[in-house]
Structures are given as C-alpha cells and as structure tokens.
Amino acid sequence: MNKFKSIISGVALSVAIASSAMAAGVEINASSTGLAMQGYDPVAYFTVGEATKGDYRISTLHNDALYRFASEENKAAFEANPEAYLPAYGGYCAFGTAMGFKFDGDPNYWKIVDNKLYLNLSQDIQERWEGDIPGFVEQASANWEDIADKDPAELQQ
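Printed below as a string of structure tokens:
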C-alpha cells in the first residue's frame, strides 16, 4: 500500500509542478490554468469588431498564457504578430491600471484605441475610462512599469 501511495503522491506532485509551470506570470491576467482573456479571441476584436469566444481546439501558448481563437486564420495572424493583438496591461482593466491596481479585464468591455486593445472591468468603469481615454492611458502606462510584476492582491494592501 505504501508503494501505491508514493506513486500517487509522485503523480500529484508532477501535476502540480506542470500546472504551475504552465500558468502565466502576474503580468498577464489569466486563470489559474493559464487561460488568457477568459477564452475570448484577441484577433476578433480587430477583424469582426466584437468580443468573440475562441474555440478550445484552436489555441496557442504565448508567454505561458493560453489564447483561444475563433478561426485558424485568427490564430495564424496572432502567431505572426502577437503584439498587434494582445490587450494592453496584460488584459487587466485599463481604468484599474490607471488607478494603480490590477482588476480583471472583462472581454465584453473593450475598446480599440490607436490600434491597441483595452479591456475594462465593467460597463460603468468603461464609461468612466471613456471620459478621458488619453489621460487614463498615460496614467496606466506609467503605473504599469511599477505594477506589471506585482501580484494583484499585493497592490490592494
């Protein structure tokens, strides 16, 4: 029985190590399994102009985060130039970043400004952000340099 237990423990440890290795770093807003943008296709915002769920069968890893796409064409476009499609501030809320925090960016509250995708936490936050986009982008970009490598919980203390 002990041999069986140690095999099971070894397997559990391997799985834990593998999953933690796959999970994206704190600079990317991803689930504990590494899924970025809640599974939404980052390219579709630019091609069809709306939040579009990606297909789990059409995905790619970028910076240890898993991105899903609605089509093979979108996946190919992303792989050719990920920086063109990645959301600003790792997919965290643009308004929250301007305030010095990392809040979840909801893929349904978005805007493309100067060919960059920005996500926000909610509709009311998006509306506040739209009140001064250039100012908030400038503030968020300055803050991002200091908070990119910090855990979201660390910023709320």
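Residues -23 to -1, 1 to 134 in mature numbering (1 follows the signal peptide of the UniProt record, and there is no 0) are what the sequence shown spells out, letter by letter. No residue lacks a Cβ here, since even glycine has one placed at the ideal position from N, Cα and C. Since the model is a prediction, treat every value here as computed from it, not as a measurement.
Exercise. Could you check how far apart the C-beta atoms of PHE78 and ASN97 are, in whole angstroms? I think they sit under 8 Å.
Key: As a working mapping, residue 78 is identified with position 101 in the sequence shown. As a working mapping, residue 97 is identified with position 120 in the sequence shown. That belief does not hold up - the Cβ atoms of PHE78 and ASN97 are roughly 12 Å apart, past 8 Å.
Exercise. Pick helix, strand or coil for ILE89, following the three-state DSSP scheme.
Key: In the sequence shown, counting from the first residue as 1, residue 89 sits at position 112. Note: ILE89 maps to strand in three-state DSSP.
Self-check item: ALA1, buried or exposed, once every other Cβ within 10 Å from all chains shown has been counted against 16
Solution: For the purposes of this step, residue 1 is identified with residue 24 of the sequence shown, where counting begins at 1. Under this definition ALA1 is a buried residue.
Practice problem: Measure the alpha-carbon distance for VAL90 versus GLY67 and round it to whole angstroms. | Solution: For the purposes of this step, residue 90 is taken as residue 113 along the sequence shown, with counting starting at 1. For the purposes of this step, residue 67 is taken as residue 90 along the sequence shown, with counting starting at 1. Whole-angstrom Cα-Cα distance: 16 Å.
Exercise. Throw me the rounded Cβ distance for the PHE55 and GLY31 pair, which I believe falls under 8 Å.
Key: In the sequence shown, counting from the first residue as 1, residue 55 sits at position 78. In the sequence shown, counting from the first residue as 1, residue 31 sits at position 54. The pair is not a contact, with the Cβ atoms about 10 Å apart (cut-off 8 Å).
Exercise. Would you list the residues sitting across from THR37 in a DSSP beta bridge?
Key: As a position in the sequence shown, residue 37 is number 60, starting the count at 1. According to DSSP, which records beta bridges pairwise, THR37 is partnered with TYR44.
Practice problem: Report yes or no: do three or more beta-carbon pairs, one from the segment 117 to 130 and one from the segment 36 to 45, lie closer than 8 Å? | Solution: No, they do not touch.
Quiz prompt | DSSP-derived helix/strand/coil call for PHE95 | solution = Taking the first residue of the sequence shown as 1, we reach residue 95 at position 118. The residue you asked about is not Phe; residue 95 is Tyr in the sequence shown. Assigned with DSSP and collapsed to three states, TYR95 falls in strand.
Exercise. Return helix, strand or coil for TYR69, following the three-state DSSP convention.
Key: Against the sequence shown, residue 69 aligns to sequence position 92. Reduced to three states, the DSSP call for TYR69 is strand.
Practice problem: Would you mind giving the Cβ-Cβ distance between ALA21 and THR29, rounded to the nearest angstrom? I have them listed as a contact below 8 Å. | Solution: As a working mapping, residue 21 is identified with position 44 in the sequence shown. As a working mapping, residue 29 is identified with position 52 in the sequence shown. Sure, about 4 Å apart at Cβ, within 8 Å.
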